[in-house]
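Notes to accompany the following structure.
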Amino acid sequence: MNPWTMFWLVVFACAAVLFFGTALVITVVGFRDLRDLLSNTAKSERSSSPPLPPPSSPLP
Amino acid sequence: MNFQPLDWCILVAYLSGSMFIGIRARKYVENMEGYFVAGRRVKVALGSATLIATEIGIVTFMYFGQLGFVSGFSCFLLGIIGLIGYMVIGKTGFIVSGLRALKIVTIPEFYELKYGRGVRLLGGILLFLGGVLNMGIFLKMDGVFLTQTMGLGQGMLLTVMTLMLIVVVSYTVLGGMFSVVITDYIQFVVLSVGMLIATAFVISHVGLTEMSATVMRQFGENGVNPVTNPRFGWSFILWMLIGSVAISALNQPAASKSFASESPEVGRKVFLYTGITLAGRYMIPMFWGVAALTMFGPAADSMMAMPRLLGAVVPTGMLGLMIAGMLAASMSTYSAYMLAWSSVATRDIIAPIMKREFSERVTILLTRIITGMIGIFILVFGLWYEIPATAFQYTAITGAMYAAGAFGCVAAGLYWKKANAVGAYASLGFGALAPVGFLVLDFVKSSLPPGLLFLVDVNISGFLSFFLAVGGMIVGSLLTQRSHPPVRL
């Protein structure tokens, strides 16, 4: 096999391993990030909604 | 037909699920920041997943596959150059951290802060035109890919293109950046699995030794040496080296992902982790292209060979999963691009022309209408336009139309004290000159005098665009320091 061809195939193999390896890590950690994003957004929505009116006093 | 009932079930289940989730994400769009930049709450891993999903689409598989088919292994160099570009940004935060710190939504907003409203308008127009032209070929390429891999035949091209457009526009219009981020994550996972399946089957059906022999027989040294390959050469390599940094940092859809990040530091890290995967993202479809050349020979259509190969080697069931992965890749690309260009049109073109600030409700409504219009444009353009060079070179030259000027304006604006409005106008104008010249002159190529033929060389035009943009910024600014004193941020 031509040395240049060998070089590109080795580079390709490294690039593919890096891609799929990083993809695996990002998939796992990204799921946690996504869960945090949605729960934080839901929390901030709840806190920005207008407060309930104070209950009317039972006393005269 | 390659596509069997099991494949259809997988595909329909994926598409329905994806649309359902995208539309459900509407409830998170509480305001304009939520719609455009997901409330700026995105962390590193999620940001990386969405950026990678944005940067990979069927169109990227198609143009890299075509490049592998027509140039052999020598195009793998692009993967290394792209990796360098992203790593430079990821390590230094060059441009992206500075822009994220200013809390802008679109790049032309930076032009207004630094250079004034006129530059924002010009920059917005160039960004929008270049971006939409760049997107113009996406739908057709996707249609070709799907009809070839699924074995539907060319007669179904328009139907496939239209269906795909409807799905993508629906959830982009309804959900905004939240829907983009959520679906991007799912799409990232599905597309990674799809790429793994496709690569495994390609390697098992087309041997590496056979591929190497085909490349040497077909191209000789040009198939492994990018410097001697007539499609590339030094002008191409230099253009790509500069362009990989500029386009990576200033491509509005990618930049939007950085603007959506939690902090400038997170924005920088997103580029770093995305960069690690970049060489693989480029080289895997190129590899499929070389395999297609080996399997079908040089007489096959360079655009259709790679999807034909995947349709032939991936078995039933796996094919459905792989196509779902590829569609996933494309849907995230479309949604991010459409959202980016429509937000530029609304905020940086229409608002400055009307000389008023729109309410959040009007801004989101206008953005949704423009997204629909962009969809119709790319459908018509894709059917009508004949690409002048390889598809990759077309996307690179239309990208240079806005990225070259933007690079001059933003890099100088952030890091050079003397950058002023005149330099910015010159940078944007000169940066767009060579790519526009290339696209227009290509129509009259046969009647050009020999001395001007270099203008229709896509590599020279691409390189010139960056050279002229930077030159315009430096000369324009230095000559007018007194009349137009620079604004400090």
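From first to last, the protein sequence lines are chains A and B.
Numbering-wise, the working numbering puts 13 at position 13 of the first sequence, and it's gapless, one number per residue.
Residues are numbered in the working numbering as their position in the second sequence, beginning at 1, plus a constant of 60.
All C-beta atoms, glycine included, are put in the ideal place defined by N, C-alpha and C.
Within chain B, the residues that residue i reaches when beta carbons sit closer than 8 Å
i, result
"residue 10 of chain A", "Ordered by position in chain B, no residue passes the 8 Å Cβ test against residue 10 of chain A, which lies about 11 Å from the chain."
Any chain A beta carbon closer than 8 Å to residue i
i, result
"residue 106 of chain B", "yes"
"residue 144 of chain B", "no"
"residue 133 of chain B", "yes"
"residue 471 of chain B", "no"
"residue 296 of chain B", "no"
"residue 245 of chain B", "yes"
"residue 40 of chain B", "The question about residue 40 of chain B has no answer, for chain B in this structure spans 61 to 549."
"residue 347 of chain B", "yes"
"residue 424 of chain B", "no"
"residue 389 of chain B", "no"
"residue 279 of chain B", "no"
"residue 256 of chain B", "yes"
"residue 436 of chain B", "no"
"residue 80 of chain B", "no"
"residue 120 of chain B", "no"
"residue 321 of chain B", "no"
"residue 308 of chain B", "no"
"residue 264 of chain B", "no"
"residue 459 of chain B", "no"
"residue 155 of chain B", "no"
"residue 272 of chain B", "yes"
Residue i: contacting residues in chain A (beta-carbon distance under 8 Å)
i, result
"residue 285 of chain B", "4"
"residue 103 of chain B", "33, 36 and 37"
"residue 276 of chain B", "2 and 5"
"residue 259 of chain B", "16"
"residue 304 of chain B", "Residues of chain A passing the Cβ test: none, with the nearest at roughly 15 Å."
Pairwise C-alpha distance: residue j and residue i
i, j, result
"residue 542 of chain B", "residue 244 of chain B", "48 Å"
"residue 526 of chain B", "residue 186 of chain B", "15 Å"
"residue 152 of chain B", "residue 144 of chain B", "12 Å"
"residue 273 of chain B", "residue 125 of chain B", "18 Å"
"residue 9 of chain A", "residue 281 of chain B", "15 Å"
"residue 408 of chain B", "residue 359 of chain B", "47 Å"
"residue 37 of chain A", "residue 122 of chain B", "33 Å"
"residue 501 of chain B", "residue 455 of chain B", "17 Å"
"residue 11 of chain A", "residue 382 of chain B", "24 Å"
"residue 511 of chain B", "residue 67 of chain B", "54 Å"
"residue 60 of chain A", "residue 396 of chain B", "Residue placement at residue 60 of chain A is poorly supported in this model, since its pLDDT is 34, which falls under 50; the coordinates still yield a value, given next. Cα to Cα, residue 60 of chain A sits roughly 60 Å from residue 396 of chain B."
"residue 103 of chain B", "residue 3 of chain A", "42 Å"
"residue 54 of chain A", "residue 162 of chain B", "Note on residue 54 of chain A: pLDDT 44, under 50, position unreliable in the model; the coordinate value appears next. Residue 54 of chain A and residue 162 of chain B: Cα-Cα distance of roughly 40 Å."
"residue 444 of chain B", "residue 451 of chain B", "15 Å"
"residue 287 of chain B", "residue 297 of chain B", "8 Å"
"residue 205 of chain B", "residue 414 of chain B", "41 Å"
"residue 352 of chain B", "residue 506 of chain B", "32 Å"
"residue 343 of chain B", "residue 136 of chain B", "6 Å"
"residue 371 of chain B", "residue 433 of chain B", "33 Å"
"residue 435 of chain B", "residue 536 of chain B", "38 Å"
"residue 291 of chain B", "residue 1 of chain A", "24 Å"
"residue 304 of chain B", "residue 146 of chain B", "7 Å"
"residue 533 of chain B", "residue 480 of chain B", "8 Å"
"residue 406 of chain B", "residue 423 of chain B", "7 Å"
"residue 314 of chain B", "residue 264 of chain B", "34 Å"
"residue 459 of chain B", "residue 74 of chain B", "31 Å"
"residue 540 of chain B", "residue 498 of chain B", "30 Å"
"residue 127 of chain B", "residue 547 of chain B", "44 Å"
Contact set between residue i and chain A, taken where Cβ atoms lie within less than 9 Å
i, result
"residue 252 of chain B", "19, 20, 23, 24, 26 and 27"
"residue 331 of chain B", "Those within 9 Å of residue 331 of chain B in chain A number zero; the least Cβ separation is about 13 Å."
"residue 355 of chain B", "The contacting residues do not exist; residue 355 of chain B stays about 17 Å from chain A at best."
Neighbour list for residue i in chain A, Cβ cutoff strictly below 7 Å
i, result
"residue 429 of chain B", "Here the premise fails: no neighbours, minimum Cβ distance about 26 Å."
"residue 337 of chain B", "18, 19, 22 and 23"
"residue 138 of chain B", "Within chain A, no residue comes near residue 138 of chain B; the closest Cβ sits about 11 Å away, beyond 7 Å."
"residue 249 of chain B", "27"
"residue 268 of chain B", "9"
"residue 392 of chain B", "Within 7 Å Cβ-Cβ: nothing; residue 392 of chain B doesn't reach chain A, min ~13 Å."
"residue 109 of chain B", "26 and 30"
"residue 327 of chain B", "Neighbours of residue 327 of chain B on chain A: none; closest Cβ ~14 Å, over 7 Å."
"residue 385 of chain B", "What residue 385 of chain B touches in chain A: nothing, since even the nearest Cβ is about 12 Å away."
Residue i at chain D interface by Cβ criterion, 8 Å
i, result
"residue 170 of chain B", "In the displayed structure, chain D is absent; the protein chains listed are A and B."
Within-8 Å CB hit, residue i to chain B
i, result
"residue 15 of chain A", "yes"
Identify every run of the alpha helix (DSSP H) within the stretch 203-272 of chain B, keeping only runs that are complete inside it and at least 4 residues long; order them along the chain. 217-235 and 237-265
At least 3 beta-carbon pairs within less than 8 Å: the stretch 358-374 of chain B vs the stretch 138-151 of chain B: no
Ignoring anything shorter than 4 residues or poking outside the stretch 109-154 of chain B, list the alpha helix (DSSP H) runs there in chain order. 118-131 and 137-152
Within the chosen definition, does the stretch 290-309 of chain B reach the stretch 213-233 of chain B through at least 3 CB pairs nearer than 8 Å? no
In chain order, each alpha helix (DSSP H) run of at least 4 residues that lies wholly inside the stretch 326-377 of chain B: 365-373
Under 8 Å: do the stretch 486-494 of chain B and the stretch 200-220 of chain B share three or more Cβ pairs, one atom per stretch? no
What alpha helix (DSSP H) runs, 4 residues minimum, are completely inside the stretch 408-494 of chain B? 411-414, 420-444 and 451-475
Do the stretch 258-273 of chain B and the stretch 26-35 of chain A make contact, defined as three or more Cβ pairs closer than 8 Å? no
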